[in-house]
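A short write-up of the structure that comes next.
Protein chains: 2
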Amino acid sequence: METVLPTTRDACLAADAQDSLRNFRTDFLLPEGLIYLDGNSLGARPRTSLATATRVLEDEWGTGLIRSWNTAGWFDLPGRLGNKLATLIGAGPDEVVITDTTSINLFKSLAAAIRIQQSLDPARTVILTERDNFPTDIYMAEGIADFLGQGYSVRLIDETLSLQEALGADVAVVALSHVNYRTGAMWDMTATSKQIHDAGGLVVWDLAHAAGAVPVDLRGAGADFAVGCTYKYLNGGPGSPAFIWVNAAHHDRFWQPLSGWWGHARPFAMEDSYEPVSGIGRFLCGTQPVLSMALVECGLDVSLAASMDAVRAKSLALTDLFIALVSARRGEHPLELITPMEHERRGSHVSYAHPDGYAIMQALIARGIIGDYREPHVLRFGITPLYLGFVDVWDAVEALFDILDNRLWDASKFQERLAVT
Amino acid sequence: METVLPTTRDACLAADAQDSLRNFRTDFLLPEGLIYLDGNSLGARPRTSLATATRVLEDEWGTGLIRSWNTAGWFDLPGRLGNKLATLIGAGPDEVVITDTTSINLFKSLAAAIRIQQSLDPARTVILTERDNFPTDIYMAEGIADFLGQGYSVRLIDETLSLQEALGADVAVVALSHVNYRTGAMWDMTATSKQIHDAGGLVVWDLAHAAGAVPVDLRGAGADFAVGCTYKYLNGGPGSPAFIWVNAAHHDRFWQPLSGWWGHARPFAMEDSYEPVSGIGRFLCGTQPVLSMALVECGLDVSLAASMDAVRAKSLALTDLFIALVSARRGEHPLELITPMEHERRGSHVSYAHPDGYAIMQALIARGIIGDYREPHVLRFGITPLYLGFVDVWDAVEALFDILDNRLWDASKFQERLAVT
Chain R
151 METVLPTTRD ACLAADAQDS LRNFRTDFLL PEGLIYLDGN SLGARPRTSL
201 ATATRVLEDE WGTGLIRSWN TAGWFDLPGR LGNKLATLIG AGPDEVVITD
251 TTSINLFKSL AAAIRIQQSL DPARTVILTE RDNFPTDIYM AEGIADFLGQ
301 GYSVRLIDET LSLQEALGAD VAVVALSHVN YRTGAMWDMT ATSKQIHDAG
351 GLVVWDLAHA AGAVPVDLRG AGADFAVGCT YKYLNGGPGS PAFIWVNAAH
401 HDRFWQPLSG WWGHARPFAM EDSYEPVSGI GRFLCGTQPV LSMALVECGL
451 DVSLAASMDA VRAKSLALTD LFIALVSARR GEHPLELITP MEHERRGSHV
501 SYAHPDGYAI MQALIARGII GDYREPHVLR FGITPLYLGF VDVWDAVEAL
551 FDILDNRLWD ASKFQERLAV T
Chain L
151 METVLPTTRD ACLAADAQDS LRNFRTDFLL PEGLIYLDGN SLGARPRTSL
201 ATATRVLEDE WGTGLIRSWN TAGWFDLPGR LGNKLATLIG AGPDEVVITD
251 TTSINLFKSL AAAIRIQQSL DPARTVILTE RDNFPTDIYM AEGIADFLGQ
301 GYSVRLIDET LSLQEALGAD VAVVALSHVN YRTGAMWDMT ATSKQIHDAG
351 GLVVWDLAHA AGAVPVDLRG AGADFAVGCT YKYLNGGPGS PAFIWVNAAH
401 HDRFWQPLSG WWGHARPFAM EDSYEPVSGI GRFLCGTQPV LSMALVECGL
451 DVSLAASMDA VRAKSLALTD LFIALVSARR GEHPLELITP MEHERRGSHV
501 SYAHPDGYAI MQALIARGII GDYREPHVLR FGITPLYLGF VDVWDAVEAL
551 FDILDNRLWD ASKFQERLAV T
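Residue numbers (my numbering), protein chains in the order written: chain R, 151 to 571; chain L, 151 to 571.
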């Protein structure tokens with residue numbers, strides 16, 4: 151699939167017919183006729199989700215009531231689902247929990263890393279991240295630095311300051327997104343983790359746009375911490391709880407300030423002082439939203455049934471096709487590819503800058519081709535191999551150029567853009 | 151209802167027939183024959199919950215997909231549902247949001263209070279709470295103090311140190327539970343808030359066992375912050391998101407370190423520095439679990455249809471009845487009431503200490519009478535006027551004394567207790 155791209159719509163249909171992942175589309179319920187290119191913002195609904203929700207509501211909550219914390223395994227959901235997710239991100243057993251939000255988990259992992267550094271080298275007071283990172287990653291780092299005071303600060307990598315230049319002896323922890331939310335550019339996790347360790351830093355990887363989309367090997371890469379969400383490529387449902395991983399080497403030496411009762415060694419002993427449980431469980435804090443969490447399993451089960459290598463190969467073939475079809479028709483349109491061409495630097499979405507990006511995306515959405523828009527001027531197309539095929543990419547690019555070539559967008563829509571996801 | 155308690159089972163049935171709240175029971179789906187006395191741990195399932203979940207899954211997620219953040223109002227859920235809750239706790243419009251967990255919201259409000267004090271009187275470095283508070287309240291305070299360092303510490307009120315004695319010039323903020331999770335004892339919120347303010351402190355009220363159970367008037371009481379959960383007396387579903395309130399006087403002067411993108415003034419502008427939105431919205435952090443949050447509305451709508459005064463009057467009548475029936479039959483049993491007798495000091499549950507409390511509760515649960523157990527030795531009975539009647543209290547006490555009088559419990563079960571909710 152990686153070398154010979156289809157060059158006609160019929161060839162796309164033929165490629166889809168031979169696709170080893172083609173049957174996974176039936177595991178999702180998508181509206182007829184829609185081409186959904188926003189699975190990197192909110193994944194599609196697994197077919198099993200309503201039955202699972204009904205079971206949780208009727209049998210577990212309705213009938214089991216409070217007993218279901220034990221009998222239906224509600225207490226075990228963060229760890230049990232974390233273990234299911236582990237194999238998709240190169241984590242070991244009992245190294246991942248599903249809990250809280252990505253933002254909250256960033257806070258926990260940054261705080262834990264800072265605490266480790268306070269015991270190793272207290273002069274390390276800088277949290278390093280990227281100006282181009284998803285904003286909440288920057289904001290959470292700012293929140294910690296501001297709260298701690300004592301000289302803690304945030305430093306941003308950007309076009310004027312490379313990672314290597316920024317990695318001074320004052321850097322405590324580096325927070326990077328494995329795949330950039332806007333451009334789709336991907337860091338080399340192994341080389342970058344080593345580069346940071348060589349400079350004495352710890353690293354937190356945000357896998358929001360990576361988990362379930364690209365192969366991730368946290369243990370192999372020697373990463374320290376990772377967080378991410380389950381509602382994008384993992385299809386857990388709107389706002390489904392996030393995940394957090396810590397390298398087993400840190401399990402009993404990390405501490406984090408969101409020290410709620412779910413992370414206590416003996417939560418039901420009702421002791422009057424906090425003592426963290428051993429291991430990843432100390433990243434738990436408060437009572438979790440059971441219904442939203444239970445649905446994470448529906449999405450995970452679909453991803454676990456697929457070969458991650460096949461998903462990656464198809465993702466690259468589809469993004470290659472998208473890029474090739476756009477290149478062939480771009481002409482004079484001010485449409486600039488901002489996603490890397492090199493496979494090893496590309497995640498699973500393709501993004502273009504266009505001065506009228508917002509209005510063009512609205513015109514596409516009106517035709518049932520759902521991508522999304524990101525500031526500034528970026529049209530973003532998420533490629534989810536489990537429910538998209540070659541012909542979907544073909545049809546999406548056809549529609550894009552029908553709009554571009556015939557100027558079928560309403561530029562006045564631009565002012566709406568900041569209210570839109 | 152407050153003065154004449156029924157003294158026979160028939161009189162209980164007659165009282166139920168005259169109860170103005172009797173029809174609310176049909177708004178909940180409870181298993182036939184069960185007497186559910188644990189609504190203070192997990193509320194019952196509202197009849198509308200499955201239809202709501204189905205709508206969110208099929209129409210909003212399945213069909214609307216990413217568009218539902220706007221078209222189905224997902225972004226507005228924290229504020230819209232917060233406004234519904236506001237009237238139940240004496241809050242004003244746009245003063246409450248539903249979000250995250252009670253533990254996380256405690257962290258935010260304690261951190262916000264500390265930050266306010268840092269600008270007023272930086273020598274105030276003590277977080278004051280109760281040794282008998284729900285443990286997560288203590289643990290979250292410990293987490294903040296530990297993380298801040300710089301002399302911050304936690305002080306605990308207990309039988310050796312009263313609130314007044316503990317309120318030194320070093321106290322920044324006091325975190326109290328309006329109704330104690332174990333004993334059901336209730337603070338006078340107005341007098342206690344004034345007492346704390348007079349000593350220069352700020353106060354955070356944890357309403358977990360109060361919201362929906364007893365009248366709460368946060369604004370009238372002059373409170374500063376409040377947090378609480380929606381899955382107890384508000385019947386929001388297992389682990390449904392919590393709430394947080396801040397007095398409007400603090401709206402533009404508070405700051406909190408969980409500064410995620412949902413609390414940003416312009417979240418979709420993707421700016422590279424945090425700027426909090428004005429008002430309660432700055433207590434938001436990350437993307438919320440939409441399905442679990444949407445179900446909060448089912449429970450809120452039932453509570454909003456009831457008169458809070460009628461709920462309180464019935465709660466006191468039922469807890470009075472429970473206490474009177476137990477007193478009449480206690481005899482030589484080592485069953486000690488630990489809930490205050492005075493109405494103005496009692497929440498909506500009744501608790502007894504008994505050396506074999508755990509095993510006795512297990513015997514009750516085996517008969518379909520669901521209360522719960524809390525360390526040490528405490529049998530806890532939650533009284534939820536919307537779906538319990540006088541005859542339920544009568545039958546529960548009958549069963550309790552059948553077990554006590556005939557020693558029908560298995561004391562060997564005691565060792566299981568720490569694994570049970």
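Where is the CB? At the ideal position from N, CA and C, for every residue including glycine.
Computed from a prediction, not measured in an experiment: that's the story for all the values here.
Note down, in chain order, every chain R residue with its Cβ under 8 angstroms from the Cβ of residue i.
i: I294/L; result: P407
i: Y186/L; result: L215
Which residue comes first and which comes last in the alpha helix (DSSP H) that contains residue i?
i: T333/L; result: Counting along the chain, T333/L falls outside any alpha helix (DSSP H), and DSSP gives it neither H nor E.
i: D451/L; result: V446 to A455
i: H347/R; result: M339 to D348
i: A295/L; result: P285 to L298
i: F551/R; result: F540 to D555
i: S477/R; result: M458 to R479
i: R369/L; result: L368 to A371
Return the chain-ordered list of same chain residues with a C-beta closer than 6 angstroms to the C-beta of residue i, the five sequence neighbours on each side being excluded.
i: T251/L; result: A392
i: A376/R; result: W355, L357, L368 and W395
i: V154/R; result: none
i: V246/R; result: G232, L235, A236, F393 and W395
i: K382/L; result: N190 and G193
Just to confirm my understanding: we take residue i, look at its own chain, exclude 5 residues before and 5 after, and list those with CB closer than 7 angstroms. What are they?
i: A509/R; result: W559, D560, A561, K563 and F564
i: S453/R; result: L238, G362 and L384
i: F174/L; result: V452, A456, L536 and Y537
Applying a beta-carbon distance threshold of less than 7 angstroms, which residues of chain R neighbour residue i?
i: A325/L; result: Going along chain R, no residue has its Cβ under 7 angstroms from A325/L, so there is no contact; the nearest lies around 13 angstroms.
i: F257/L; result: L408
i: L445/L; result: L441
Please determine, among the options, the residue with the shortest C-alpha to C-alpha distance to residue i.
i: G431/R; options: S442/R, S343/R and F404/R; result: F404/R
i: E292/R; options: S409/L, G387/L, R265/L and A361/L; result: S409/L
i: L227/L; options: M443/L, D374/L, L554/L and R479/L; result: M443/L
i: F225/L; options: W411/L, G386/L and A467/L; result: W411/L
i: A325/L; options: Q345/L, L311/L, L260/L and Q314/L; result: L260/L
i: P439/R; options: N397/L, Y331/L, T380/L and F472/L; result: T380/L
i: S327/L; options: S253/L, R217/L and P388/L; result: S253/L
i: E492/L; options: M336/L, L445/L, Y502/L and V427/L; result: M336/L
i: L215/L; options: L180/R, T202/R and G299/R; result: L180/R
i: L278/R; options: A201/R, I264/R and S269/R; result: I264/R
i: T286/R; options: A164/R, S498/R, N330/R and G334/R; result: N330/R
i: S343/L; options: L317/L, R217/L, H359/L and G334/L; result: L317/L
i: E315/L; options: Q300/L, M339/L, G334/L and I346/L; result: I346/L
Since residue i meets chain L, which of its residues come closer than 9 angstroms, beta carbon to beta carbon?
i: E203/R; result: In the sequence as presented, Glu is not what sits at residue 203/R; that position holds Ala. Near A203/R (Cβ distances below 9 angstroms), the residues of chain L are L200, A203, T204, V206, L207 and L441.
i: Y383/R; result: Ordered by position in chain L, no residue passes the 9 angstroms Cβ test against Y383/R, which lies about 14 angstroms from the chain.
Residues of chain R with CB closer than 9 angstroms to the CB of residue i, please, in chain order.
i: P243/L; result: Those do not exist, as P243/L stays about 21 angstroms from chain R at its closest Cβ, beyond 9 angstroms.
i: D522/L; result: I216
Which residue marks the beginning of the beta strand (DSSP E) containing residue i, and which one marks its end?
i: T158/R; result: Note, T158/R: premise wrong, no beta strand (DSSP E); not H, not E.
i: F531/R; result: V528 to G532
i: L278/L; result: V276 to E280
i: S327/R; result: V321 to S327
i: R524/R; result: D522 to R524
If the cut is a Cβ gap below 8 angstroms, which residues of chain L does residue i touch?
i: A415/R; result: The contacting residues do not exist; A415/R stays about 11 angstroms from chain L at best.
i: T251/R; result: D250, G410, C435, G436, T437 and Q438
Is any non-hydrogen atom of the ligand SAH found closer than 6 angstroms to the C-beta of residue i, if you look at the structure I gave you?
i: A161/R; result: Within the structure as shown, the ligand SAH is missing, as the structure has no ligands at all.
Sorted by chain position, which residues of the same chain lie with C-beta nearer than 8 angstroms to residue i's C-beta, five sequence neighbours on each side aside?
i: T571/R; result: Because the pLDDT at T571/R is just 41, under 50, the model does not fix this residue reliably, and the point stays unresolved.
i: D402/L; result: S428 and G429
i: D459/R; result: P365
i: L352/R; result: A263, I266, Q267, A322, V323, V324, I346, D374 and F375
Please list, in chain order, the chain L residues whose beta carbon lies closer than 7 angstroms to that of residue i.
i: D338/R; result: Per Cβ cutoff of 7 angstroms: no residues; D338/R is ~24 angstroms from chain L at best.
i: S390/R; result: P439
So, does the CB of residue i fall closer than 7 angstroms to a CB anywhere in chain C?
i: L192/L; result: Structure shown: chain C not included; protein chains present are R and L.
What are the start and end residues of each continuous alpha helix (DSSP H) run of 4 or more residues lying completely inside the stretch 182-222 of chain L, in chain order? Taken in chain order, the unbroken stretches of alpha helix (DSSP H) that lie wholly in the stretch 182-222 of chain L and span 4 residues or more are 199-204 and 218-221.
Could you name each continuous alpha helix (DSSP H) segment of 4 residues or more that falls completely within the stretch 227-284 of chain R, going from the start of the chain to the end? Contiguous alpha helix (DSSP H) elements confined to the stretch 227-284 of chain R occur at 227-236 and 252-270, taking only those with 4 or more residues.
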